[in-house]
Amino acid sequence: MDEMEMDSTLPVPEEGEAQTVPAEEPQAQPEETPAEAPRKRRKIKKCLQKLGKGAAVVILAAAVAAGSSGLTSFVVSQYWRNQMNLLDRSHREQMEALQQELRETLESYRPDLTAAPQEGLTPGQVYQQNAAAVAAVMNYQRIEGVLQPAGTGTGFFITADGFLVTNFHVIADAETLSVITGDDQEYPAQVVGFDSSNDVAVLKVNGQNLPCVKLGSSDALQVGDQVVAVGNALGQFTSTMTVGYISAKDRVVTTDGQAINMIQTDAAINSGNSGGPLFDMNGEVVGITTAKYSGYTESGASIEGIGFAIPMDDVINQISDLCQYGYITGAYMAVVVMEMDTSVAEAYGVPAGLKIAEVVPGGAADRAGIRTGDILINVGGTDVSTIVMLSRALRNYKAGDTAVVTVYREGKLVRMELTFDEKPREQTGGTSLPEEGDFQEWYDYFSDYFQKENP
269 MDEMEMDSTL PVPEEGEAQT VPAEEPQAQP EETPAEAPRK RRKIKKCLQK
319 LGKGAAVVIL AAAVAAGSSG LTSFVVSQYW RNQMNLLDRS HREQMEALQQ
369 ELRETLESYR PDLTAAPQEG LTPGQVYQQN AAAVAAVMNY QRIEGVLQPA
419 GTGTGFFITA DGFLVTNFHV IADAETLSVI TGDDQEYPAQ VVGFDSSNDV
469 AVLKVNGQNL PCVKLGSSDA LQVGDQVVAV GNALGQFTST MTVGYISAKD
519 RVVTTDGQAI NMIQTDAAIN SGNSGGPLFD MNGEVVGITT AKYSGYTESG
569 ASIEGIGFAI PMDDVINQIS DLCQYGYITG AYMAVVVMEM DTSVAEAYGV
619 PAGLKIAEVV PGGAADRAGI RTGDILINVG GTDVSTIVML SRALRNYKAG
669 DTAVVTVYRE GKLVRMELTF DEKPREQTGG TSLPEEGDFQ EWYDYFSDYF
719 QKENP
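Letter by letter, the sequence shown follows residues 269 to 723 in our numbering.
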């Protein structure tokens, strides 16, 4: 660091001599001589130079600090601006890609309602092929002494000579029946036979070359399969078609006190449709439309789109028997059973099965040794914990066939052989007056009529 010059005009004390400072007295400032001016300016310049170095450092530091803060703010701002631009561009690209994918999907999916599906027919084709084979069924009963329509339903011809399938509840308690075809031809109808436990009946009209349907298999149906229902909607709109899908299989529905296995569909099943056909997309009957749930739940929610049909495979043997014999020849165990709730079975420590509530004396079960209170758990190698399972197990047998049955009794499994009976013939209230026949046919009709009127 540079040393400052000493002023030669100031007195310098001798070594060892005490320095005295005279008291300051106001004095007049001496005038500056021309020789002193350059020297004074040099001293001021040196001081300013030294001061300038320090000030420059301070000013530079302040500038650096201010510049650093501004630079940092600029860099951060620019970074986020770039990131937002990248995100915005990425989002735009994604949205454009999604919109393009949506456009391509919509372009590729333009269903043609007139074209046939990959396998089978269109609903319109199913209707065109089968509508003429579907007819209205009129139930006439005597009310206050006057014979008048008491109910209506639907049926479908299964043979060209006039055999027609419908629901038992459509024809129950009828005094006379008539069938009205799609071309408004009305035929008197007779009851050939019925099975109330499966809600199926077969009627017969005198006709020839009648259009008829083809019966298919309900076992092949899958949930989601498309189906077509044709019926006499509301009893006045004949040959009405509705389209839907199989919503579920193996639904146990109680109708008129009978628990029946059903197909569930969202095809509209209206009043008057009962007994009508449910077609698959091959144009074959896979079910008999029977019931629907409608109304409101306890919470007030509306119930719609829940219809039911009897699976064709559950009643095909009964229909065949009714057409051929007029009654059911299927296997009959001669017992009354009750389903046991799983929780009840677990609580009592017994296997799931059907509790034997009643054994018909002298019947098949009685002869085999089955007792009231036994729990039926297996028939012919098939477990039977529900009534539907028992009905399906009995499909494979006829009257006179033998099967090994297993019951649970007093903590043990008991096996025994059972020879099936023939199912008892049922009687219904009334049939139509025969247009022609022998004395016995006329006698049977009037005997039944007067017994009904005068019990």
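We put the CB at the ideal spot given by N, CA and C, even for glycine.
It should be emphasised that the depicted structure is a prediction, and the values quoted were computed from it without experimental measurement.
| Do three or more CB pairs link the region 549-557 to the region 623-630 at distances below 8 Å? | no
| Presumed contact (8 Å Cβ cut-off) between S542 and T557, rounded CB distance | 6 Å
| said: Just to confirm the assignment, what range does the beta strand (DSSP E) spanning A469 have? | reply: V468 to K472
| request: Could you tell me the boundaries of the alpha helix (DSSP H) in which N435 lies? | output: Careful: N435 lies outside any alpha helix (DSSP H) and carries neither H nor E.
| field | Option in V394, Y455 and L658 with minimal Cα separation from F406 | value | Sequence check: residue 406 is Met here, not Phe. With distances taken between Cα atoms, M406 lies closest to Y455.
| said: According to DSSP, is G575 part of a helix, a strand, or is it coil? | reply: strand
| task | With distances taken Cα to Cα, identify the nearest neighbour of D689 among S485, N585, T506 and A602. | result | A602
| task | Using the DSSP secondary-structure output, state which residues sit across from N529 in a beta bridge. | result | V520
| query | What residues match up with K482 in a beta bridge as DSSP calls it? | reply | E552
| Through-space distance from P417 to D449, alpha-carbon basis | Checking the sequence, you will find Thr at residue 449 rather than Asp. Approximately 17 Å between the Cα atoms of the pair.
| message | Whole angstroms are fine: how far does the CA of R660 sit from the CA of S465? | response | 13 Å
| message | With a threshold of 8 Å, are at least 3 pairs of Cβ atoms found where one atom belongs to the region 472-481 and the other to the region 391-406? | response | yes
| said: Threshold first: 4 residues or longer. Then list the alpha helix (DSSP H) segments lying entirely within the region 632-685, N to C. | reply: 632-636 and 655-662
| message | Just to confirm the assignment, what range does the alpha helix (DSSP H) spanning V583 have? | response | M580 to Q592
| Taking the alpha helix (DSSP H) that V605 falls in, what are its first and last residues? | Counting along the chain, V605 falls outside any alpha helix (DSSP H), though it belongs to the beta strand (DSSP E) covering V603 to E607.
| query | On the three-pair Cβ rule with 8 Å, is the region 491-500 touching the region 598-615? | reply | no
| query | Does the beta-carbon of A469 have 16 or more other beta-carbons within 10 angstroms, so that it is buried, or is it exposed? | reply | buried
| request: Using beta-carbon positions only, say whether L658 and L622 come within less than 9 Å of one another. | output: yes
| task | With N407 as the anchor, note down where its beta strand (DSSP E) starts and where it stops. | result | V402 to I411
| field | C-alpha distance - D642 paired with Y676, whole-angstrom precision | value | 6 Å
| T650 versus V673, V447 and P579, residue with shortest Cα-Cα distance | V673
| field | Residue range of the unbroken alpha helix (DSSP H) whose run includes N538 | value | Premise fails: N538 is in no alpha helix (DSSP H) and is neither H nor E.
| request: Return the chain-ordered list of same chain residues with a C-beta closer than 6 Å to the C-beta of Y727, the five sequence neighbours on each side being excluded. | output: Since the first and last residues shown for the chain are 269 and 723, residue 727 lies out of range.
| field | Bounding residues of the beta strand (DSSP E) (the contiguous stretch that carries G392) | value | Where G392 is concerned, there is no enclosing beta strand (DSSP E), although the alpha helix (DSSP H) it sits in stretches over P391 to N398.
| What residue from V438, I645, Q476 and T597 has the CA that sits closest to E607's CA? | I645
| query | What are the boundary residues of the beta strand (DSSP E) that includes S446? | reply | T444 to I448
| Of the choices F425, R357 and R683, whose alpha-carbon is the least far from that of G544? | F425
| query | Which residues bound the alpha helix (DSSP H) around E614? | reply | T610 to Y616
| request: For the beta strand (DSSP E) containing E454, list its first residue and its last residue. | output: E454 to D463
| message | Just to confirm, is the Cβ distance from I252 to R663 under 9 Å? | response | No statement about residue 252 is possible, as the shown extent of the chain runs from 269 to 723 and does not include it.
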